[in-house]
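Some notes on the structure that comes next.
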Amino acid sequence: MRAEHYHKAVVWLFTAVLGIPVLATLLYSLSQRWGATILPEGLTLDWYLRLWQDTRFLAAFGHSLLIAAATLALSTLLIVPTAFVVFYYFPRLERWMNILILMQFAVPPVVSSVGLLQLYAEGPLPIIGTPWVLVGCYFTIALPFMYRSVSNGLKAIHVHDLMDAAHLLGASTPHAFLTIILPNIRKSLLASLFLSFSLLLGDFVFANMLVGARYETLNVYLFSVRATSGHFTSAIVMSYFLFALGVTWIATRLSRQTDL
Amino acid sequence: MSYLEVSSLSKAFGQQPVFEDIHFSLQEGELVTLLGPSGCGKSTLLRCIAGLTDVDSGRITVAGLDITRMPPQKRNIGMVFQSYALFPNLRVADNIAFGLRVKNLPADECAQRVADVVRLVELGGHEDKYVHQLSGGQRQRVALARALVVRPRILLLDEPLSALDARIRKNLQEEIRRIQQQIRLTTVFVTHDQEEALILSDRIFLMNAGRIVQSGSAESVYTRPESRFVAGFMGNYNLLDAAAARALLGLDVKGHLAIRPESIHVVLPGETPLANQGKSYPAVVQQHQLLGNVIRYVVDSGGCRLMVDLLNRSASSLLAQGATVQLQFNAEELQEVA
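Here the protein sequences come in this chain order: A and B. Using the numbering used here, read the first sequence as starting at 191 and increasing by one per residue. Using the numbering used here, read the second sequence as starting at 7 and increasing by one per residue.
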């Protein structure tokens, strides 16, 4: 009995440590003034109304969504077929792929940014200064999450037998992939897409170093208005947090549903 | 002329041969079984016929048409897999119709053919279910229906019943045989279960270590083994070496003598030996094993341990350990093997 109380206390303490900053930020974003008093002086939605009427914020939010969506579209087009080809035709490459997808974690974002600036400054793809450089950069961030998830999805079904059955029924390999394999890894793919999406929305370092104010994203905007009002920036943080929470919730639900 | 003809077929994975110099042929409408222990190459041979695995050398023809290098999509061969390989994202009817839709058949013809095959495999009422909502036996019927609906030239079955429990397996064995005979479909069935092979097959090709070691009707392969391996694999043969055969029966054999346990006549205490079964030999019961309708006795006769099967007619007729009986051997059932 004592052990049960102890376990519950640890869980509640952990939840409080994680939850109190979020609740404080929420309360601060809803308070009119909260300076010399212990509790806020009145509650208001004004900060949210101001935020969601600010065209600069809406543009930055739109930029973040666009870059994330473009990155995930590119990632889906490249990673899903690659994972399938490795799994179906070249399973021996799997261990090399596992090393490759983890390499981005070995390089600090600042170092990686400098490298990306040099890479995209010239050569066949000179996209420095355009928001598209972020797509190339974010691809490497999404790669490990998406590749692992898709690869696990492929392992969970009998890919070879399904492909063999489809082939014997007259289907070509692309037809079998699109009509049989892809629908059966759909949930793994969607879960990784939503997780990557919320992760990419939270990036500041790469967006600030590679593009900065030329193509303001949500976190660059938050950084630039940090001095205006704490209540206002709290409203930005809460808006972003609730959006990311919703996306993550969808991802978690999808990843739990293993059966069709 | 044979319908399916496999000649000089060989396949190796790297330096490891899977099967070598395989020859066999099937008549149209025949059901044959490739029987053998795990790893003998029977499933790979089946995959080569389907076109899912390339062969190194040899030739496969169907109705005179060389299909050796033809892609699987063009062979029009149906296959049922051990894992069923049903498409989890599709309903039963869509699984069955997949091959018809790939061929761009009109929707009403697809619907008609699906309905026909659903009736044939007795799956009515399950058309709108997903695969995960079906039992193992129902899944196997869907896999069979999906393979049959495209009207294949040959049906291949790769250990399709091995994942099912004994009762369902028995029912499906009868179903497969009924359907195969009803539509007279040329069928190759792969199994490692000799009992299944005996029940289903017109002919059996028994494989070992990448070679067909004996072929023939189920009865001939079972009752006339040509080697120790066949005798051991097909039944619980008593195998006597040359010395034991001479000591027990006074016979001179070059290799071994194979005797089926059920072919030995047991003369119980108080009974008279059969006149047409020749000499009788005394034996002492050492132990027994109840196999249901059969009781298997281990007896010692002249220093030889023999297995003898008797029908379990009555619980009171069980022979006690140490009981003395007489054994009679039908000369026609004594099989000399290499």
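The C-beta atom is built at its ideal place from N, Cα and C for all residues, glycine as well. All values derive from a computational prediction rather than experimental measurement.
Quick check: the segment 353-364 of chain A against the segment 71-82 of chain B, are at least 3 beta-carbon pairs closer than 8 Å? yes
If you measure beta-carbon to beta-carbon, which residues of the segment 208-228 of chain B are closer than 7 Å to chain A? none
Is any beta-carbon of chain B found at less than 8 Å from that of A:Asp354? yes
If you follow the beta strand (DSSP E) that B:Asp306 is in, where does it begin and where does it stop? 300-307
Can you tell me which of the three DSSP states B:Pro78 falls into? helix
With DSSP collapsed to three states, give me the class of B:Gly64. strand
Does DSSP classify B:Ala248 as helix, strand or coil? helix
Would you kindly check if the distance between the Cβ of B:Val236 and the Cβ of B:Leu212 is under 8 Å? yes
Go ahead and label A:Leu450 buried or exposed: buried means 16 or more other beta carbons lie within 10 angstroms of its beta carbon, across all protein chains shown. In this prediction, A:Leu450 has a pLDDT of 42, which is less than 50 and means its spatial position is unreliable; nothing more can be read from the coordinates.
I'd like the ranges of any alpha helix (DSSP H) spanning at least 4 consecutive residues and lying wholly in the segment 385-419 of chain A. 395-400, 408-414
With three or more beta-carbon pairs closer than 8 Å as the criterion, would you say the segment 208-221 of chain A touches the segment 422-431 of chain A? yes
With a cut-off of 8 Å, does the C-beta of B:Lys109 fall near any C-beta of chain A? yes
Can you say whether B:His198 is buried or exposed, counting buried as having 16 or more other CB atoms within 10 angstroms of its CB? buried
When DSSP labels each residue in this structure, what does B:Gln118 get in the three-state scheme? helix
Listed by chain order, chain B residues near A:Ala361 by CB distance under 9 Å: Gln79, Phe104, Gly105, Val108
Less than 8 Å between the CB atoms is what I'm expecting for A:Ile347 and B:Pro94, so what's the real figure, rounded? 7 Å
Would you mind working out which of B:Pro43, B:Glu26, B:Ser233, B:Ala91 sits nearest B:Arg65, comparing C-alpha positions? B:Glu26
Thinking B:Arg159 and B:Ala69 are a contact (beta carbons under 8 Å), I'd like their distance in whole angstroms, please. 7 Å
Between the alpha carbons of A:Tyr278 and A:Leu290, how many angstroms are there, rounded? 19 Å
Start-to-end residues for the alpha helix (DSSP H) that takes in B:Thr193: Careful: B:Thr193 lies outside any alpha helix (DSSP H), inside the beta strand (DSSP E) at 192-197.
For B:Ser89 and A:Asp351, believed in contact at Cβ under 8 Å, the rounded distance: 5 Å
Neighbour list for B:Pro166 in chain A, Cβ cutoff strictly below 8 Å: Residues of chain A passing the Cβ test: none, with the nearest at roughly 12 Å.
Kindly indicate if chain A contains any beta-carbon less than 8 Å away from that of B:Pro112. no
B:Ala289 bridges to which residues according to DSSP? B:Val331
Counting only beta-carbon separations shorter than 8 Å, does A:Asn342 have a partner in chain B? no
Determine, for B:Ile83, whether the minimum Cβ-Cβ distance to residues of chain A falls below 8 Å. yes
Could you spell out where the alpha helix (DSSP H) holding A:Thr363 opens and where it closes? 363-366
Looking at chain B, which residues of the segment 369-391 of chain A have a Cβ within less than 7 Å of any of its Cβ atoms? Ile370, Pro373, Asn374
Check the C-beta distance from B:Leu154 over to B:Val123 and give it rounded, since I have them as a contact under 8 Å. 5 Å
Could you tell me whether any Cβ in chain A is nearer than 8 Å to the Cβ of B:Val156? yes
Please say whether B:Gly143 and B:Leu178 have beta carbons closer to each other than 8 Å? yes
Which one or two residues does DSSP pair with B:His341 in a beta bridge? The residue asked about is misnamed: residue 341 of chain B is Gln in this sequence, not His. The partner list for B:Gln341 (beta bridge, DSSP) reads B:Ala264.
For A:Ile228, count the other beta carbons within 10 Å of its own beta carbon; 16 or more makes it buried, fewer makes it exposed. Which is it? exposed
Can you tell me whether A:His253 is buried or exposed? The criterion is at least 16 other CB atoms within 10 Å of its CB, across all chains shown. buried
List the endpoints of the continuous alpha helix (DSSP H) containing A:Leu217. 192-220
Taking Cβ-Cβ distances shorter than 7 Å, what residues in chain A pair up with B:Phe93? Leu352, Ile370
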